[in-house]
Every structure is written in C-alpha cells, then in structure tokens.
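Student: Listed in order, the protein sequences are those of chains R and A.
Numbering-wise, the working numbering comes out as the position in the first sequence, counting from 1, plus 763.
Numbering-wise, the working numbering comes out as the position in the second sequence, counting from 1, plus 135.
Backbone N, C-alpha and C define an ideal beta-carbon position, used for all residues, glycine too.
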Amino acid sequence: MANQDVDELFEVKNSFYIGNYQHCINEAQKLQPSTPEVRLERDIFLYRALIGQRKYGVVLSEIKPSSPAPLQALRLLARYLQSPDGRPTVVSELEAQLSGNVDLSNTALLVVAATIYCHEENYEGALRVLNQSDALECRALMVQTYLKMERPDAARKELKTLQEKDDDATLTQLAQAWTHIATGGEKLQDAYYIFQELMDKNASTPVLLNGQAVCFLGQAKYEEAEGALQEALDKDSNNPDTLINLMVLAHHTAKPPEVASRYLAQLRDDHKTHKFVEDIKIKEEEFSRLVKQYAA
Amino acid sequence: MLTKFETKSARVKGLSFHSKRPWVLVSLHSGIIQLWDYRMCTLMDKFDEHEGPVRAVCFHQQQPLFVSGGDDYKIKVWNYKLRRCLFTLLGHLDYIRTTEFHQEYPWILSASDDQTIRIWNWQSRSCVSILTGHNHYVMCARFHPSQDLIVSASLDLTVRVWDISGIPGKPGGLRKKNVSPGMGGLVGGDDHHTRNPELFSTGDATVRHVLEGHDRGVNWAAFHPTLPLIISGSDDRQVKLWRMNESKAWEVDSCRGHYNNVSCVMFHPRQELILSNSEDKSIRVWDMAKRICLHNFRRDHDRFWVLAAHPTLNLFAAGHDSGMVIFKLERERPAYAQHGNLLYYVKERFLRRLDLTKNKDVAVMQLRAGSRSPVYSMSFNPAEHAILLNSRTHNLDNSTYDLYQIPKDSDPQNPDTPDSKRSAGLTAVWVARNRFAVMDKSHQLVIKNMQNEVTKKVTTQPCDEIFYAGTGMLLLRDSDGVSLFDVQQKRVLGTARIAKCRYVVWSGNMTTVALLSKHTILICNRKLERLCSITETNRVKSGSWDDSGVFVYTTSNHIKYALTNGDHGIIRTLELPVYVTRVSGSSVYCLDRQATPRVLTIDPTEFRFKLALVQRKYDEVLQMVRGAKLVGQSIIAYLQKKGYPEVALHFVKDERTRFLLALECGNIDVALDAAKALDDKGCWEKLAEHALLHGNHPVVEYCYQQTKNYDKLSFLYLITGNLAKLRRMMKINEIRKDYEGWYTNALYLGDVPERIRVLKACGKTSLALLTATTHGFTQEAESLAAHVEEGVMYEPLPNAQLLQPPVPVYPSDTAWPLLTVAKGFFDSAVGSGKNAATASAMAVSVDDAGDIAGDGWGDEDEDDDVDVPMEGGEGEGGGWEVEDDLDLPPDLEGVSTAGATDGEDGYFVPPPRGHPPTQGWTQRSHLALDHVLAGAFESATRLLHDQVGVVNFEPYRSLFLSSFAHCRTSYPGAPGLPSLFSYPARNWRTATHKDHLPALGLKLSSLMDRLKEASQLTTAAKFTEAVDKLRGILLAIPLLVVDTKQEVSEAQNLLRVCKEYVVGISMELYRKGLGKATPEEQCRSLELAAYFTHCELQPGHQILTLRTAVNLAFKMKNYKMAMSFGRRLLNLGPRPEIAQNIRKVVQVCEKNPVDEVSLQYDEHNPFTVCASSYVPIYRGKPEVQCPLCGASYLPEHRGITCTVCTVAQVGKDCVGLRISPLQFR
C-alpha cells in the first residue's frame, strides 16, 4: 500500500533512538533515498549511529570539509567524544559557531551543541540552544536536560508539549519513561511498560534493557533486574550503564563484594571520563582527607 | 440467525432432532424420510416406504426408534440401527399430521385429518385411546412434557387441552399419584380397552379446556416446557399465547406480524422467546413477555412448514419448500481473554476472573446494563488493568464497545459496576499500553486513548475486521486474507491468504500466530509468513499455544494438535464443543458454552514426541521411547515418512524392518548385523547394492560371498585391485569347472598361459593354439598344433597386442575412505544417560551435606536476648528535626512559572537547577549509612564519630566507597547524551521527592550469614580469617539501617557476639604466639586459656576452649583447675568420646585437687578481659569500654584505638549505636 505520509527513515530513526545502532546502520545503508534531503538526513543518522558505537575514527575520516553543515556538526561531536584533551578547543569552536547566525533548521547542530553542553554540565547552555527549535528531538533532549538538572517538574511540563506534538513517537515514549523513572514510585511500573512495549515493537537493546533494569531496581525486583541486565550484558559487555546497574544489583542481592568491585574496576578501566567514575574518584579523595583529619 | 447447516430436497413437512447424536430426521412431501448428520453434513440414511407425503416424524428419546406418519394413513415405527420399519399401526382413516413418542410411557400420539387424536402403545402395538371432539382436521397434537396433558390444534378454529390421566394402560407405578384411586383395581377393564378400543369412548381422556379465539383454522399448538402456557399458530396469521390453570384457560395476547398462514410455533426451551414460522417465508422470534417481534428471518422463495428445537442444545431446525435449515439464534462462544495465568471471561452480566493455577474464580465486576446484545469479544490490557468489551447487535452497524477499568479489589459476591466509556464501533482492540484501535461501522480505523478520545485516524486498505497483533500492530482482515499492519508507520508488513479468518491466536511470546477460519488453520510467524496450513472437515472452534510451541485446538468434536511444520493429529474426542483458553502440560483449560471453566486432561506424549523430533531434542525422544508408550507400527511409519529412519531404527526389534531402516539411513553396520540374522538372498543382494554405493567393498565382498555370486565377486576383486583373491577366484572357477568364469578371470589377470589352459581344458584347442601363437608361446603352440586339424586353424592377427589390466596403485583391502559422519545422538545416548544420573546423585549428596552444616549453626542467633539500652541522644534528635523543617527544598513552582513567562517574552531563561534526592537524605536521616549513600562523607564520619566514637576511618574506606557506588542506578537517555541517574528508594512505594530515602543493600540477615561463616572458620581453627571476618561484621553494623526495635537489639547482640569472639580469638592467637620455654610463659599461657573459657562463645566453641584449658591445666599439674574446667565442659554436653575422656581426667584430678602454680585467675569472681593487656577486670573494678564494640579495657588504656574493632577510641563518651529511625523518636 503506497501511503504518502510513510516516513522512509522511520526504521532508521527508530532504531537509532532505542540504541539499536547496528540495525540503524544496516537499514540506512539498505535505503534508497527518494530525495537529496532524505539522503542527507539518512547520513546524519548513519553517522550518529556510528558515534553511538564509539567509531569516531570512521566518522572523522568520512566527513570531509566539503560535507554539508549538519555533518560538520557531527564531526565536531565525534572529535569531542574521541579525545578528552581536545575538548576545550571543541567547545570554543562550538561557541564560535553558535554565537553567529544559527540555522535553526540544522537540528543536528543544535543536538550536537546540547550534547556537548550536557557533557560539560552546562545544562543552561544546552537548554538555551534547544529551546530555539521546535523539533521533537530537541524537545526530548530538553526533557532529559531538565532531569539532569534534577527538575522533574520542568521535565514533566516539557513532556506535555512533546505529547501534544506526537504522543506515539518513540522519542515521546522514551521521554515519558525517563520522567516516570525520575518521578519514581508507582510510575516506575509505567516506565517499565513503555520500555517493554518498545522492545516488543522493535528489539531489545542495552538502552531499553537498562531502562527496565532501573525500574526493577527501583521497585526492589532484583530477580527481574538480573534477567534484564544479563541480557544487556550479553548484547554489550562494556556498557557503562549496565556495569553500574549490575554493581548496584550485586550489592542488593548480597553478592560477595568482589563481584561489585570487579564491575567497578571495569568501569574505571574503560570509562575513565564517565561521571560515575569521576564522582567515585572525588569521593575517594574526600575520604582520604577525612581519614587524615580524624587521625590528626 | 446463525445458519449451521442446510439441505436441499423436496418440501419438508416433519423434523425431529436426536437427543444425543448430531442427527436430524427430515420427512418429505415426496414420501422419503432422511436421516442427516448435521455436524458432518452428510446424509446418513433414507427410508422410503410411505406412499405419499410424510408429515410426521419423531425420534424416541432412548431407543433406536423413530415413528412416522403419512398421507397413506399409516403410522410406521422404525429401527434406524436395523434400518427398517418394525411395524405399522393402522387405524386412522385420513392423513396423519403429527406423531410423537411420549417421554416415559410406551406411547405414540398421532393427530389426523379423520378428526381424531389417537394414543398407541408401541410395545403392544395397539391403540390405547381415541380422542374425539374436534370437528375438523386435527393439525397437531402434543404431549405435555411433564403432566398428563395433551394439546391439540384443529382447523375447527379451536385448540383443545386434554386430560389423559384417566387413560389406563400406563405402566404401573410410574405415575400412580396421577391415576385416580379407583382405577388401579380395574385390571380387567384395562385389558379390554387396550385390545378393543371403543371408537367413541371418551371416558378415559377428557377435554379440559377448549381455547377459542382464532378466526381461522389452527395449524399448531404447543405447551410451555415449565409454565402453564400454550402457544398456537393459525391461518388467521396470528400467534396466540394462552394461559391456563386447573379450571380454565384464557387468551393472554396475540403476536401479529406474519402476513400469511402461521404453520408452526413453539416456545424456546430455555429462554423467554417464541419462535414461529409461516407460509409468508419467514421465521420470527418474539419476546414472550412483551409479545413484540425481535427478529425476522426471511427467505426469498420458500414457505416454511415446520420447526423443531433440539432437546438440550440451542439448535433449531426449520423445514421449507425446498429443504431444511439448522440454525442457532445467537453465538454461544463466551467472550474471553487470557493473560498469563489469569483468564477473564464474561458470564451472564459479570466479568469473571479465573486464576488457572489456583483455580480461583471470582466475579470482578458487573457489566453496565443497557446493552441487550451479548459480549462478542474482549481485549485485555494488563498494563492499565483495563478491558475492552465488544458487543455486536444483529444489525452490525449498531455495535458498540465498552472500555472498563477493572476495579482493583471488588467484593466477589456483589461486584461493582464501574463506569464504562461506551462508543459505537465494530471492534476495539489494544494496540499499545494506553492506546486502542477501533474499527467503526464504515470500516474506518481510529486510534483512541484511555479517555476514549480519538488521537489519530488511520487510513488502511479496505478491511472488515481487526485483530490484536501485539504492540503497535494490528491484523486487518479482508475477504481473502489477513494483513499485518504497523499502526505507527501506517504500513502493511505482511499478508497471509486465508478466506474469512474468524479468530487469531498468538503464542505466548508472540512469535507465531494461528489464524482460524471455518475449516482451516493457517499458522504463520511474526511477519505473517506462512508456516503451514491445516484443513479440517469439522468446524474449527478455538485454540491455544502450548508453552513448547504446539498449537492445541478444538473442532466441534475433537481436541487436536498442530506443530508448526504442519504435523497434526487428534488428541481426544469431545462430546460438546469447548473453547480452549490455555494449555499447560497435560491440562487443557477451556470454557464450555455455558461459560463454565473446565479442565480437560490430555495425553501430550504424541505431540511432545513429534515436537522433540522436529526440534532434534533427541534426549527427550529417547526418554519417551524408553517410556515406551508410543512404540508401534504407526510411529515407525511416521518416523520413516518424516525422514527420521535413524530414530526409528532404535525402536525396532523386528530384523527385517531394522534391515530396511538401516539401509534407508545408510547404517551399513546395523544392516549387516540384521542381514546376518536374516540370512536371506534378497537381503544380501540389497545390502551389497547399498554397500557398493557407499564404497564399503569388504561388506560387498561378504555379501557376494554369502550369495555365491562368483562373477560379481571376480569383478569386484578386479576393480579393487585385489589380484591375489582374483587369482583364487580363478582357481575356484577351475575347480567348479566354470570355464567361462575361469576364462574371464584369466583375462582379468592378463594371464595368457592360463587362458590357453582354459581353452585346452574345454576342448577349444584351436582357440588355444591361436592364443598361444598370437602371444608368442611357441612351445605351447607347437604341442597344440599337433592336436589341431588343418582346416580349423585360425590365422593369428598380425598386430594383436596383449591387453594387460592396469597394475593396482593402491590395493586396498579395507573400505574406501568415507566421509566422517558426526556420531548421532542415539549412538551415545545410553552411556551418557548413566553419567548424568550419577552426577545428579552426587549433587544431591552435596546438597545434603550443605543442609546439615547449615542446621548446625542455624538457631543460635535467636536465643540471646539483650535489653535495648536506653538512648541518650533524644535531645539532639529534636534539634535535628527543627533543621529538617528549615531545609525544605526551595519553592519550585514559583521559579518554574517565572521561567515559563520569560520564555514567552522571547528570552528563554533556563530554570535553576534542582537538587538530587541524595541531598534530602542527609537532611532527613541521622543514620550514618544514609549520609554515606548520599556521598556526604563528612557528615557521615561526624555521625560515626559522635555515635560510636570512630576515629580511625581507614578500615571504613571500602565500605564507604562501595556503599556510595551503590546508591544510584544509571539509564541512558537520548543517544549520545550522558546517562541519567536514578536513586532507588527503600520506601519507593510511597516516596515522594520530600521523603525519599535510599534503598539498602546491607541487611542484618546477611551479616548474620557472615557470622555463621566466621563461626565455621573458628571451628576449623582458622583464627586469623575468622577475626578478619568478625571485624568486617563489627565495622558494618554501624552502617545498618533497620526498622524494628527487635532488629536493633539483634544488631547490638551481633555486635557483642563479634566482640566476644574477636577478644577471645585474639587472646588465643596471642597465646599461641607466646613461647613455652619459661615457667612464666607457661603460666601466662594457662591464664590466657582460662580467660578464653570465660568469653561468651557458643557451647560448641566453649567446649573447644575448655578442652584446651583442661589439657594445659592438667599438664601444669593444676588439678583443681583442670577438675573445674572438666566439670564445666561436661555440663555443656560434649560428644560421648570426649565426655569419657574428660571424666577420666576429672576423676584423676579429684584425687588430688590442688593447684601446682597460682595464677591470676579467680573462676568464681565474674570478670571481663581487658582487650589490650588480656588481664581480668573483675566486676566492680574500674574499666573503660570501646564505644563501638563494647570491649573492656583497663582504665590506663583510655584513649587508644580499640584493638577489637580497630576504629573506635576507647573510653570516648558517645551517644551509642544508631541504626534505626526508631531510636530518634
């Protein structure tokens, strides 16, 4: 059945949002874009999926200086994520771009900017960038940014606008699940159902499984959490979220302390710049200081 | 009207249902009586003996009999088993209109155009009574189902009710109470009546009521099955309802609507309905109470003549001008939905829930009144606990659906009627957690939300029904197929062709689906790709997927199974149709037509076996084979047909079958064995043929040898290059005088002299000569030439050459190299089965051991009971609470509105950041752990310092950091962005942002378990490890959070136990470190051992300490002490051998109860041991304690770090252990 409003890129986008990067890449490569606009959009998602897979090198080598502006933005993001040392330069480059006349239709740039700001914990900056656009994705990112700022009330409000736009979109559903988790209590079950539904509809991914696991852990359903996390671990053995959640799970199920410390060690090895690891580092130093203080 | 079956024939005048079998008798105007099986839709028999139309026919309820009456004035009684007429009752003088068997008596009732009604006894084959009174044709006469009454209808415009209680000839005793007292004695009179009925005698049957009111002749009259009501139909086009009592009868009302003669009319056997049919070509259904026409079923050309109801089922038959139709008034399929172990179904006006595992059936809610039409189908939403009920009316356009929220808890006796959201629509099914799809009467699809508001309109291809297909999907049905439709993408993902699919059954994991139509089952995968299809002769009713992926379904008379590869078969037969709701193990859960849940037991062996074969789970196959319930020719045939000869091979004992199967699966070894057993020429040949194909030439050779097939054997040797054996063959042929074989072999070998010999031997001398000359054997040639006559000399060919067979490169006497074939499961199954058994046995024994060990330490923790010390920190707690109020989170609402208004002005001002829940934890709780989890190490250390005097925090490092690491979970948000953190709450059910507290990992019970481990280590004398473990517990206790006073005291108890053990064991370690050289050291050693016996250990451990002390004291000749230790030990009840040993020691000591050396030890004066210097501190003497573990110290040790827990400052003034919010109240 030929339908005009069928989104050619539906599968590509959808699998990207739920973190099924390989499927996204496969679909993108299979696709025969009908127009140049679609082709560009496809490329954006293709490269974003590659970034999601931490294949920064591929992105950097494939996006040429002659490539269109949205792709340039992605190149920036790849550079940012690739090397922690080069981050300040990337940020200043970004600031320079944003201070000029920003093309608001270039959603990719806005998303990249927000992403980098969020990594920099400059949430206000991220919000300012995102607020300019009406795109669904920008609004979803705003929800997440609000949650990052521990402002679930603001997140809920933003979620409403998102729901008015398109309640059934995957991004809306995901944003709703994030907000539910942040709200906690009975909403955790709702969040669980959202993740389950997305899994039923598409495929299970570490992103969705971790979301579910967080719901389970929040509800003290440790057996179920273990199931979800084990599946997530099978799919990606080095996902920081999975490792963190497994660590929490081990603690709550009274596993020997070595189990948890193994996950922590793996985190420290592979995700040095992860906020979680950094927090632990800070706390270690604080503790040492306190030990000295009391010993004196 | 749901038509079940139709026949085409001449005009149908009479109908009768069989009470048990799916049969109906049809009498035709053409004089034929047909017997139909309406379920199988076949004509079973024809009875053609009447001349002229047969208007009356009736089955007997129990006997294999039926009675018919025709225009030939004859009443015939038939036996349908014998397929013949038994006898004919003669007496009527005109057409016979109706005949009927009595329910109990051996009676037949007949009505005739001769204006009489007659009662016949079919056992004595005579007329019992003749009822006269009608003065026109009697069109119909019926017995009352329970009383001695008859109703008759006549063209004389009346309906009459007759009292037949006075008729003699009823079997005695059956209904004595109805027989008037005087009649019982008149036996002679009875006989007289039966034999010679008096034509005009009416003494035994009397007219009770004459019902007048019809304006034309009355065609039919019938009693109500239970109420004193009569219904009649007449040529005046009316149906009249009459009521009667003992004394009179009167007209209640008329049903007007038919516009031609009403030919037949009846009450619905179980509902308040009246059915009538007419020559106006319609059947009408009337409401008995309101006398209004509910339904009108019309045919185009056929006038209706007769109606019949099934005695027990909701089935009706109607006869018309060109045949008969069997129909139901309404669907009998209950609406149900199954989720997990719960089955929801509608019964009467209630939604009921059945827990299939617990077999608990409760009504959860009452359905809203107002919809007359029954619930057609339902769709259940487990996430929202909501249900969609679809109601269909006869006019589909008026169908509605209701959206109910199922009440969480409801009184099963009197369930609530929750509000529903009702809208028009054909079908509503869930497509997501909070969305459902509705197909409206114009077949448009809309998506609605939980508020029943339209969120989206979806255009689809033309379709007429929708089915559930998982999240975001729907199945759309059109006339020739079903399509899988993605609602979000508005795309068709797959299509399956099946005519008029009626039901859709998904498997539990949504990977396979069964589409059911009237006679077909199509099984597809998730993408609607066809896996198999099955055609049934009977109607397919329902189905459900077994957990193992077998589809179990019911037809109108069978439970059957289907595998996804298309294998299917009958499991068992069914009396009545049932609707399968779930299959689990050998139980089939189903609903019957009364919506009563039932559980049927089936034998799943057959389909399990086949499934195991398909899935190649040969261990299961083997297990079932060993169970040996299945073995039979049919299963072997099945295995062979389906390509599992190797499996079948393992079933078969019969050698011939075994041989054939072995050949089929290429197992030459087994075939050889079988062939040896059979030793049959045909077998050997067949085996040789197969072995040759396999290249297994030793077997081929063996076969040829067995069959003595020399030619083939020779050739085999030739091609395998086995020249030695070839030569031997030649010799054998020579001995056998088989010249041809001999010569052939010589030729094969290229052996010219031998050839000459052969030719010579068989007298072909000239040929021998030729051979000799050709190959240059001149000597031979010369001697031969002498024997040859001149004339028969052949000229040697000038350029003849000797053909030599090629020299074998690799003369192999073993089989040619074959491809290696992996050993099949069945080749190794037997051995491994045994191994598994031993392994599991070992596992069991290990488990047992574990249990025993656990029990040994299991119960001691509960015995100790220590009073909770009074808290001293209440004042402080109060102070904290004030702070609590002050530190409420900032007014978020105000700020965010401010942000929003700014946004409208065009400037977007991001709102200020909020605080993570962790911040609240430190404000709400004064428990150290909450602060640690919140990452507030500073306040956590301060709390520990203040509460239990901790000064050395280093041992706490890992505890602090790991606890902190566990306080939050992490979940990814949008791709690329840093993950979000979530903070699991221990009070998550009720927690809001304001009273959120972190979830706890460390539990008192797990510390108890660790204590058990430490205890085991102590028993095993692994003292260092034990101390480490105990210290670990000690350190963790202040980081507990518990809820009850009891747990607080348990924790304190635990602390004390750990302390005692650590002190004791440290002392023992210290003692072991001492030298034994000097007497002082020996004294000290004994002292320490004595102190150790006073540590509060478990009896088991105390026995150990006492044994050490006894030995030491005895060695040091401190007999008095040894005696005292010994007695204490005996009081603890040690094992007998130890007790005996100790008793001896005690006896020895009793003889000389003195101490050689004096020690700093007074056993009668209670004391504690200084944990630093290991000297006793007798009661009342000054001492200082560790604020955490409570270890005692001599006052001079004040201020040191406790040696027991290693963290707290001895003698520090502290609040005490705080591990529960209760301690702050």
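If you draw a straight line from the C-alpha of glutamate 1195 of chain A to the C-alpha of tyrosine 1091 of chain A, how long is it?
Tutor: Along the second sequence, read from residue 1 onward, the residue named residue 1195 of chain A stands at position 1060. Along the second sequence, read from residue 1 onward, the residue named residue 1091 of chain A stands at position 956. C-alpha separation (whole angstroms): 21 Å.
Student: Would you mind listing the alpha helix (DSSP H) stretches within the stretch 341 to 385 of chain A that are 4+ residues and don't spill past its ends, in chain order?
Tutor: Qualifying alpha helix (DSSP H) stretches: none in this window.
Student: If we count Cβ pairs, one from each stretch, closer than 8 Å, do we get three or more for the stretch 819 to 827 of chain R versus the stretch 779 to 797 of chain R?
Tutor: Too few Cβ pairs lie closer than 8 Å, so no.
Student: Along the alpha helix (DSSP H) that carries arginine 743 of chain A, what are the first and last residues, could you check?
Tutor: In the second sequence, the residue the question calls residue 743 of chain A occupies position 608. Run containing arginine 743 of chain A: 740 to 749, per the alpha helix (DSSP H) assignment.
Student: With a threshold of 16 other CB atoms inside 10 Å of the CB of serine 144 of chain A, please say whether the residue is buried or exposed.
Tutor: Reading the second sequence from its first residue, position 9 is the one you call residue 144 of chain A. By the 10 Å Cβ count, serine 144 of chain A comes out buried.
Student: What's the call for tryptophan 385 of chain A, buried or exposed, on a 16-neighbour Cβ count within 10 Å?
Tutor: Locating residue 385 of chain A in the second sequence gives position 250, where the first residue counts as 1. Classification of tryptophan 385 of chain A: exposed, given that the 10 Å Cβ count is below 16.
Student: In this structure, how does DSSP classify methionine 1202 of chain A when only helix, strand and coil are distinguished?
Tutor: Here residue 1202 of chain A refers to the residue found at position 1067 when the second sequence is read from its first residue. Helix at methionine 1202 of chain A.
Student: Check proline 1045 of chain A in the structure and name its three-state DSSP category.
Tutor: For the purposes of this step, residue 1045 of chain A is identified with residue 910 of the second sequence, where counting begins at 1. The answer is coil: DSSP assigns proline 1045 of chain A none of H, G, I, E or B.
Student: Give every residue of the same chain whose Cβ lies closer than 7 Å to the Cβ of aspartate 615 of chain A, excluding the five residues on either side of it in the sequence, and list them in chain order.
Tutor: Walking along the second sequence from the start, residue 615 of chain A turns up at place 480. Correct list, in chain order: Arg632 and Ala634.
Student: Expressed to the nearest angstrom, what Euclidean distance is found between the alpha-carbon atoms of threonine 852 of chain R and leucine 890 of chain R?
Tutor: Numbered from its first residue, the first sequence carries residue 852 of chain R at position 89. Numbered from its first residue, the first sequence carries residue 890 of chain R at position 127. Their Cα atoms are separated by approximately 21 Å.
Student: Using a Cβ cut-off of 8 Å (strictly closer), state whether leucine 1112 of chain A contacts chain C.
Tutor: The displayed structure is made up of protein chains R and A, and chain C is not among them.
Student: Taking DSSP's pairing of strands, which residues face histidine 474 of chain A in a bridge?
Tutor: For the purposes of this step, residue 474 of chain A is taken as the residue at position 339 of the second sequence. BP columns for histidine 474 of chain A point to A/Leu477.
Student: Can you tell me which of A/Ala521, A/Leu609 and A/Arg637 puts its alpha carbon nearest to the alpha carbon of threonine 594 of chain A?
Tutor: Within the second sequence, the letter at position 459 stands for residue 594 of chain A. Comparing Cα-Cα distances from threonine 594 of chain A to each of A/Ala521, A/Leu609 and A/Arg637, the minimum goes to A/Leu609.
Student: When the Cα of isoleucine 737 of chain A is compared with those of A/Val749, A/Arg707 and A/Ile254, which residue comes out closest?
Tutor: Numbered from its first residue, the second sequence carries residue 737 of chain A at position 602. Ranking A/Val749, A/Arg707 and A/Ile254 by Cα distance to isoleucine 737 of chain A puts A/Arg707 first.
Student: Where in the stretch 1097 to 1179 of chain A do unbroken runs of the beta strand (DSSP E), each at least 3 residues long, occur, reported from the N-terminal end onward?
Tutor: For the stretch 1097 to 1179 of chain A, whole beta strand (DSSP E) runs of length 3 or above, ordered along the chain, are 1104 to 1106 and 1115 to 1117.
Student: Taking leucine 561 of chain A and lysine 576 of chain A to be in contact with their CB atoms under 8 Å, please state how far apart those CB atoms are, rounded to whole angstroms.
Tutor: Here residue 561 of chain A corresponds to residue number 426 of the second sequence, with the count starting at 1. Here residue 576 of chain A corresponds to residue number 441 of the second sequence, with the count starting at 1. The pair is a contact, with the Cβ atoms about 6 Å apart (cut-off 8 Å).
Student: Contact check, lysine 139 of chain A vs leucine 450 of chain A under 8 Å by CB: the rounded distance?
Tutor: Mapped onto the second sequence, residue 139 of chain A falls at position 4. Mapped onto the second sequence, residue 450 of chain A falls at position 315. Yes, lysine 139 of chain A and leucine 450 of chain A are in contact; Cβ-Cβ is about 7 Å, under 8 Å.
Student: Asparagine 1087 of chain A versus chain R: which residues are under 9 Å apart at the beta carbon?
Tutor: Locating residue 1087 of chain A in the second sequence gives position 952, where the first residue counts as 1. Near asparagine 1087 of chain A (Cβ distances below 9 Å), the residues of chain R are Val1054, Tyr1057 and Ala1058.
Student: Taking 8 Å as the CB-CB limit, is valine 977 of chain R close to chain A?
Tutor: Within the first sequence, residue 977 of chain R is the residue found at index 214, counting from 1. Yes, because at least one Cβ of chain A sits closer than 8 Å to the Cβ of valine 977 of chain R.
Student: Would you list, in sequence order, the uninterrupted alpha helix (DSSP H) runs of no fewer than 4 residues that lie entirely inside the stretch 163 to 197 of chain A?
Tutor: Runs of the alpha helix (DSSP H) inside the stretch 163 to 197 of chain A: none found.
Student: Which residues bound the beta strand (DSSP E) around tyrosine 208 of chain A?
Tutor: The residue given as residue 208 of chain A occupies position 73 in the second sequence. Element bounds for tyrosine 208 of chain A: n/a, residue is neither H nor E.
Student: To test your reading of the DSSP string, which unbroken beta strand (DSSP E) runs of 3 or more residues are found completely within the stretch 1218 to 1247 of chain A?
Tutor: Complete beta strand (DSSP E) runs here, min 3: none at all.
Student: Serine 1114 of chain A to isoleucine 781 of chain R, Cα distance in whole Å?
Tutor: As a working note, residue 1114 of chain A is residue 979 in the second sequence. As a working note, residue 781 of chain R is residue 18 in the first sequence. Distance between the alpha carbons of serine 1114 of chain A and isoleucine 781 of chain R is about 14 Å.
Student: Using DSSP's beta-bridge definition, name the partner residues of glycine 149 of chain A.
Tutor: As a first step, residue 149 of chain A is located in the second sequence; it is residue number 14 there, counting from the start. DSSP, once it has assigned bridges, lists A/Ser162 as partnering glycine 149 of chain A.
Student: Closer than 7 Å by C-beta to proline 887 of chain A: which residues in its own chain qualify, once you throw out the five before and the five after it? Chain order, please.
Tutor: In the second sequence, the residue the question calls residue 887 of chain A occupies position 752. First, the amino acid is wrong: residue 887 of chain A is valine here, not proline. Once the five neighbours on either side are set aside, the close Cβ partners of valine 887 of chain A are Thr906, His910, Phe912 and Leu937.
Student: Consider the Cβ of aspartate 1000 of chain A: report whether some Cβ of chain R lies at a distance smaller than 8 Å.
Tutor: Within the second sequence, residue 1000 of chain A is the residue found at index 865, counting from 1. Here aspartate 1000 of chain A scores only 39 on pLDDT, less than 50, and its place in the model is too uncertain to base an answer on.
Student: Taking a contact to mean a Cβ-Cβ separation below 8 Å, would you say cysteine 1324 of chain A touches cysteine 1218 of chain A in this structure?
Tutor: For the purposes of this step, residue 1324 of chain A is taken as the residue at position 1189 of the second sequence. For the purposes of this step, residue 1218 of chain A is taken as the residue at position 1083 of the second sequence. The answer is no: Cβ separation not under 8 Å.
Student: On the DSSP letters alone, give me the boundaries of the alpha helix (DSSP H) that leucine 803 of chain R sits inside.
Tutor: The sequence position of residue 803 of chain R within the first sequence is 40, counting from 1. Looking at the DSSP string, the run of the alpha helix (DSSP H) that includes leucine 803 of chain R is 799 to 815.
Student: In chain order, what residues of the stretch 1003 to 1035 of chain R put their CB closer than 8 Å to some CB of chain A?
Tutor: Result list: Pro1003, Asp1004, Ile1007, Asn1008, Met1010, Val1011, His1014, His1015, Ala1017, Pro1020, Ala1023, Ser1024 and Leu1027.
Student: Contact check, arginine 612 of chain A vs phenylalanine 620 of chain A under 8 Å by CB: the rounded distance?
Tutor: Within the second sequence, numbered from 1, the residue matching residue 612 of chain A stands at position 477. Within the second sequence, numbered from 1, the residue matching residue 620 of chain A stands at position 485. Incorrect: roughly 11 Å between the Cβ atoms, too far for contact.
Student: Between glutamate 483 of chain A and chain R, is the shortest Cβ-Cβ distance under 8 Å, so that the two count as touching?
Tutor: Here residue 483 of chain A refers to the residue found at position 348 of the second sequence. Glutamate 483 of chain A does not count as touching chain R.
Student: At the level of alpha carbons, what is the spacing between lysine 209 of chain A and arginine 260 of chain A?
Tutor: As a position in the second sequence, residue 209 of chain A is number 74, starting the count at 1. As a position in the second sequence, residue 260 of chain A is number 125, starting the count at 1. Distance between the alpha carbons of lysine 209 of chain A and arginine 260 of chain A is about 13 Å.
Student: Counting along the chain, where does the beta strand (DSSP E) carrying isoleucine 694 of chain A start and finish?
Tutor: Residue mapping note: residue 694 of chain A aligns to position 559 of the second sequence, counting from 1. Isoleucine 694 of chain A -> beta strand (DSSP E) spans 693 to 697.
Student: Leaving out five residues before and five after serine 555 of chain A in sequence, what residues of the same chain have Cβ atoms less than 7 Å from its Cβ?
Tutor: Counting from one through the second sequence, the residue named residue 555 of chain A turns up at place 420. These residues qualify, in order along the chain: Arg503, Asp537, Leu538 and Tyr539.
Student: Please name the residue, chosen from A/Ile167, A/Gly166, A/Glu186 and A/Pro157, that lies closest to threonine 177 of chain A on a Cα-to-Cα basis.
Tutor: Along the second sequence, one-based indexing puts residue 177 of chain A at 42. Threonine 177 of chain A has its Cα closest to that of A/Pro157, out of A/Ile167, A/Gly166, A/Glu186 and A/Pro157.
Student: Quick check on the DSSP output: the alpha helix (DSSP H) that includes lysine 1038 of chain R runs from which residue to which?
Tutor: Within the first sequence, residue 1038 of chain R is the residue found at index 275, counting from 1. First-last of the alpha helix (DSSP H) with lysine 1038 of chain R: 1038 to 1058.
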